[in-house]
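Everything below concerns the one structure shown next.
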Amino acid sequence: MLEPIKKNWRVLLLVAVVLGSSVALFAPQFAPETAAGTTADATQGATNLQYGLDLAGGTRVRAPLLGYTATDVAFDGTRPTQVASDVAAELPNVSTRDVNAVVEDSTTGSPTGAVDVTDPTVDEAQFRAAMDASGYAYESIRSGVTDETRGVAEEIIRGKINEAGLSGGSVQQVQSITGEYFLLVEVPGEGREDVIELLEERGTVQIAIAYPDPDAPDGTAVEEDVLIQDDFENIGTASQRERGSGAYVPVSVVNEAPAGEQSPAERFQSAAVDRGVAGTAGGATCNYDMSADALAENSDPCLLLMVNGEVVNAFGMVDDLAVSMARGSWAESGNFRLTTTNFSDAQTISINLRAGALPAELDIGGQGTSSTISASQGENFRFYSAITGILAVFAVAGMVFVRYREPRVALPMILTALAEVYALLGFAALVGYPLELAVIAGFIAVVGTGVDDLVIIADEVMSEGEVNSRTVFDSRFRRAFWVIGAAAATTIVAMSPLMVLSLGDLSGFAIFTILGVLVGVLITRPAYGDILRRLLTIR
Amino acid sequence: MTGIEVPDVDYTAYSNRQLVLVPLAVLALALVVIGGWYVVTGAPATPGLEFTGGVELRVVDDGEDVRGQIETAFDRQPDAIQSIPADDVYVVTFRATDGDPEDLAGQLDDQAAAANLETTGIDQVSPNFAADTVRTAIFGLALAFLGMSVLVFALFRTVVPSVAVVASAFSDLLIPVAVMNLLGIEMTLGIVAALLMIIGYSVDSDILLNNSVLRRTGGFYESVSRAMRTGVTMTVTSMAAMIVMAIVAALFGIDLLRDIGVILAVGLCADLMNTYLLNVALLRWYKFEGVSR
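Line by line, the protein sequences are chains U and W.
Residue 623 is where the first sequence ends in my numbering, and the numbering goes up by one at each step.
Residue 294 is where the second sequence ends in my numbering, and the numbering goes up by one at each step.
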């Protein structure tokens, strides 16, 4: 019983691999999860295979985060937040929120770290001047942001994609050989505009108060950052207003603070009262001129809802709320509605508040790439690349038949090469690697190299007369295998740079070519040897 | 039993010098083409979108003079309009120029929409990113070639046969680049992948030949003709696959597969010449003259 298994283990291993691939390809247990947040792409067919963007449609964006970083900054024992605000103070019109300081090396006596500025209006020279003026010693200035900022940005983009309901999107950091970091964002099934809009905006949301100021040229002064992103919690979903037009996002303002400090809710409350938005007699009636970005004549002070620095809505306050603010009781609950003029603004605000603001801008137009394929085009590509692959296999099969004219040699050759591709498809389904055009090219390359090696085996085994014993066969097979192993090693060496370098989506091509070579050398080619031996020695 | 008989070449009729002459002449020609290209255009090959930056739109061809519409729809002249009849689309390319607006791709997309052109794909590459891609590609190719050379030396542990393999691989790489220039094909990422593949593919037949001559018993000419029978079958089979892939992919407008197919077919063709002329001559010199020194 054991003897036939031992004798034919190579063929049996191939059969096992093919069966395993079938399970991975067709068994429902291995079907990709479609829950939001997984990297699985949405489009699916009869198999468990997943398709990448160019075969399923979607948008891919690769771009660096805008900013400059000062490295090896000597903090001299100062807290990072203090360092950040010191540097920000040297940059006119730059908010402290756009300067971050992180401790990177605290092992030595005086901790050093990095400081980055993410305001896109600051250029390298300005930042250098600000760093010099702030008095902290630093080593050099480079473009890009700190590791920490990049990590936060990655998380926030992931959050934004999920909050926007774009299922199957993925975000990762990639590094070019020049050491620059890029964020790679892939969103299946979405058009360019939607994705870019979501990513390009930093998504800062704030409440400001506009109040009359006779000294200002347009009669309006604005107190910014009365409430910022982090001051909101329990963010609800965007809702249509029950009465009238417009929409709103229900939120609550954080009403807790460390002892001795004002909570954001209390701060907001007192600011609203101080600026005259709220009073014991009732709330302000707002009349804001959006086109002039200023209060209309004789208007009460207004609350301004600003997204990405632009006013999206201005509103006064209803009397009930104003009275409770004036009495100082509102801050206990902190409930509030951010009202907007239309529903899509409310949706944007809800997404931005939930996911947070991007710490830096993604520079898609300046230093990035983006690529969009529509779903129908992706489907076409899937069909066309399948035809291309099948025709290429026919070409190979045709050549092999013409060359050997013997089905006993040629037929197993074609079948073995196809088994190799089948095993790779099974692997792709198993690990959920999305198929892309580059991967299909890899499959075709695998058929090419696979058949090459089978030709080597067949020719070697059949050379020098009849194969009449197992020993003769084995020694010839081993000789052939040296060449195959050497050829496989060179292919692997040649393709491995492509596997790790960030060159478009060509890593898929390299990965599957290398895998194919490995599957070939370890499993399918030895099995072909065994099959050939049986066919040639038993007559 | 064999259908196509791989022709037996009578190598004894030619001197090593005669054998080497053809591949070296072709290599020299390739070098002249690439060098000339460099002098005239500033780059060894015409870089494609991925290496220059720019925007590429795929516009649906609904049969109503789309080409005419494309020519007038945009506020700038497209650098190329390529029709792909099998897929009913036009591929419109705009190269990046100095002073491009930040959101060029978005603007072009809007202009296409304003002209009632339906786009099914937009690729945008910024010039800075493209410059980075050029460096990465060159680095990758150099690394792969170096790795292959080291491996070949480790496998054979003799200088002349190893040099023969590396030299013919080098020529296999340059000839397709020169042919590409002459045919007006642009350098793309697909072509970089194909060149890397050539590094892996082309040494197969060289290794087979060297193995047959150096490690097997039997006379030199017998070993060569044995290796040739197998090697030519291998290479021609792969070439058939690549030519079919190039033709079909070109019809369907799948640039990546077309580029890989064309370049590999040319590279394998070059490999046939280099292996069975250059490599054989070097091996014969090594076998009959080099060893005895």
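Beta carbons are placed, not taken as given, at the ideal position from N, Cα and C, and that holds for glycine.
Quick one: residues in its chain with C-beta nearer than 6 Å to the C-beta of residue i, no 5 flanking neighbours on either side, listed in chain order?
i: threonine 123 of chain U; result: With a pLDDT of 42 at threonine 123 of chain U, under the threshold of 50, the modelled position of that residue is not reliable, and the figure given next carries that caveat. Around threonine 123 of chain U: Ser254.
i: leucine 25 of chain W; result: none
i: threonine 364 of chain U; result: Ala410
i: valine 199 of chain U; result: Ala154, Val157, Val171, Ala185
i: valine 56 of chain W; result: Phe95, Leu105, Ala106, Leu109, Gln125
i: leucine 240 of chain U; result: Note on identity: in this sequence residue 240 of chain U is isoleucine, with leucine being the wrong assignment. These residues qualify, in order along the chain: Ala439, Gly440, Leu442.
i: threonine 127 of chain U; result: At threonine 127 of chain U the pLDDT is 43, less than 50, meaning the model places this residue with poor confidence; the figure from the coordinates comes in the next sentence. Closer than 6 Å at Cβ, skipping near neighbours: Tyr135, Ala140.
i: phenylalanine 420 of chain U; result: Val335, Val337
i: phenylalanine 253 of chain W; result: Ala87, Asp88
Please report the straight-line C-alpha distance between residue i and residue j, rounded to a whole angstrom.
i: aspartate 125 of chain U; j: glycine 64 of chain W; result: The predicted model places aspartate 125 of chain U with a pLDDT of 42, which falls under 50 and marks its position as unreliable; any figure quoted below should be read in that light. Roughly 33 Å separates the two Cα atoms.
i: leucine 257 of chain W; j: arginine 554 of chain U; result: 46 Å
i: glutamate 345 of chain U; j: glycine 592 of chain U; result: 54 Å
i: proline 164 of chain U; j: valine 187 of chain U; result: 7 Å
i: aspartate 447 of chain U; j: glycine 243 of chain U; result: 19 Å
i: glycine 263 of chain U; j: alanine 237 of chain U; result: 18 Å
i: leucine 98 of chain U; j: glycine 534 of chain U; result: 14 Å
i: proline 348 of chain U; j: glutamate 340 of chain U; result: 8 Å
i: valine 545 of chain U; j: tyrosine 15 of chain W; result: 31 Å
i: asparagine 182 of chain W; j: valine 267 of chain W; result: 12 Å
i: alanine 501 of chain U; j: valine 486 of chain U; result: 17 Å
i: glutamate 463 of chain U; j: phenylalanine 557 of chain U; result: 48 Å
i: threonine 121 of chain W; j: alanine 300 of chain U; result: 50 Å
i: valine 515 of chain U; j: threonine 456 of chain U; result: 25 Å
i: isoleucine 261 of chain U; j: alanine 439 of chain U; result: 31 Å
i: valine 603 of chain U; j: valine 41 of chain W; result: 46 Å
i: isoleucine 291 of chain U; j: valine 167 of chain U; result: 26 Å
i: cysteine 386 of chain U; j: serine 227 of chain U; result: 39 Å
i: leucine 283 of chain W; j: valine 161 of chain W; result: 7 Å
i: glutamate 72 of chain W; j: methionine 240 of chain W; result: 38 Å
i: proline 298 of chain U; j: alanine 380 of chain U; result: 13 Å
Give the residues of chain U in contact with residue i, contact being defined as C-beta atoms less than 8 Å apart.
i: phenylalanine 154 of chain W; result: The premise fails here: phenylalanine 154 of chain W is roughly 12 Å from chain U at the closest Cβ pair, so nothing lies under 8 Å.
i: asparagine 129 of chain W; result: Gly450, Gln451
i: arginine 96 of chain W; result: Result: empty, since nearest Cβ-Cβ is about 14 Å, beyond 8 Å.
i: threonine 121 of chain W; result: Ile457, Ser458, Ser460, Gln461
i: threonine 231 of chain W; result: Val539, Ile540, Asp543, Glu544
Short of 7 Å in beta carbon distance, which residues of its chain neighbour residue i, apart from the five on each side in sequence? Order them along the chain.
i: glycine 473 of chain U; result: Ile524, Phe527, Ile528
i: glycine 121 of chain U; result: Interpretation of glycine 121 of chain U is limited by its pLDDT of 38, a score under 50 that renders its predicted location unreliable; no figure is taken from the coordinates.
i: proline 610 of chain U; result: Arg94
Rank the options by C-alpha distance to the C-alpha of residue i and give the top, closest one.
i: glycine 197 of chain U; options: U/Ala154, U/Asp182, U/Arg212; result: U/Ala154
i: alanine 132 of chain W; options: U/Pro112, U/Ala294, U/Ala406, U/Gly450; result: U/Gly450
i: valine 333 of chain U; options: U/Val289, U/Val539, U/Ile241; result: U/Val289
i: serine 586 of chain U; options: W/Val204, W/Arg216, W/Ala250, W/Thr134; result: W/Thr134
i: asparagine 650 of chain U; options: U/Met374, U/Thr432, U/Val361; result: Outside the shown range of chain U, which is 85 to 623, sits residue 650 of chain U, and nothing can be said about it.
i: alanine 322 of chain U; options: U/Asn132, U/Phe427, U/Asp536, U/Glu416; result: U/Phe427
i: serine 84 of chain W; options: W/Leu284, W/Ala251, W/Thr73; result: W/Ala251
i: isoleucine 199 of chain W; options: U/Leu616, U/Ile607, U/Arg618, U/Val577; result: U/Val577
i: leucine 606 of chain U; options: U/Thr453, U/Gly569, U/Ala168, U/Pro204; result: U/Gly569
i: valine 206 of chain U; options: U/Ser179, U/Ile312, U/Ser218, U/Ser408; result: U/Ser179
i: glutamine 353 of chain U; options: U/Asp315, U/Val477, U/Glu381, U/Cys370; result: U/Asp315
Note down, in chain order, every chain U residue with its Cβ under 9 Å from the Cβ of residue i.
i: asparagine 1 of chain W; result: For chain W, the structure presents residues 2 to 294; residue 1 of chain W sits outside this window and is missing.
i: asparagine 212 of chain W; result: Arg563, Trp566, Val567, Ala570
Could you work out which residues of chain W lie near residue i, taking near to mean beta carbons separated by less than 7 Å?
i: isoleucine 261 of chain U; result: Arg136, Thr137, Phe140
i: phenylalanine 593 of chain U; result: Ala194
Whose Cβ in chain W lies nearer than 9 Å to the Cβ of residue i?
i: glutamine 257 of chain U; result: Neighbours of glutamine 257 of chain U on chain W: none; closest Cβ ~15 Å, over 9 Å.
i: phenylalanine 596 of chain U; result: By Cβ distance, chain W contributes nothing, its closest Cβ being about 12 Å from phenylalanine 596 of chain U, past 9 Å.
So with CB distances below 7 Å, who are the chain U contacts of residue i?
i: serine 239 of chain W; result: Gly532, Asp536
Cβ closer than 8 Å: which chain W residues qualify as neighbours of residue i?
i: serine 559 of chain U; result: Under the 8 Å cutoff, chain W gives no residues; its nearest Cβ is about 12 Å from serine 559 of chain U.
i: glutamate 277 of chain U; result: Gly107, Asp110
Beta carbon of residue i: closer than 8 Å to some heavy atom of the ligand PLP?
i: alanine 292 of chain U; result: This structure does not include the ligand PLP; it has no bound ligands of any sort.
Contact criterion: CB-CB distance below 9 Å. Does residue i meet it with respect to chain C?
i: threonine 236 of chain W; result: Given the protein chain composition of this structure (U and W), no chain C is represented.
Less than 8 Å between C-beta atoms, sequence neighbours within five positions excluded: which residues of the same chain meet that for residue i?
i: methionine 274 of chain W; result: Val23, Pro24, Val27
i: alanine 138 of chain W; result: Phe52, Leu190, Val193
Unbroken stretches of the alpha helix (DSSP H), 4 residues or longer, contained in the stretch 205 to 256 of chain W: 221 to 253
Start-end ranges of the alpha helix (DSSP H) lying completely within the stretch 386 to 466 of chain U, minimum 4 residues: 403 to 411, 414 to 417, 427 to 439, 448 to 451
Those runs of the beta strand (DSSP E) which lie wholly inside the stretch 182 to 252 of chain U and span at least 3 residues: 183 to 189, 196 to 201, 224 to 227
4-residue-minimum alpha helix (DSSP H) runs that sit fully inside the stretch 334 to 390 of chain U, ordered along the chain: 348 to 358
Inside the stretch 14 to 82 of chain W only - beta strand (DSSP E) runs reaching at least 3 residues: 55 to 61
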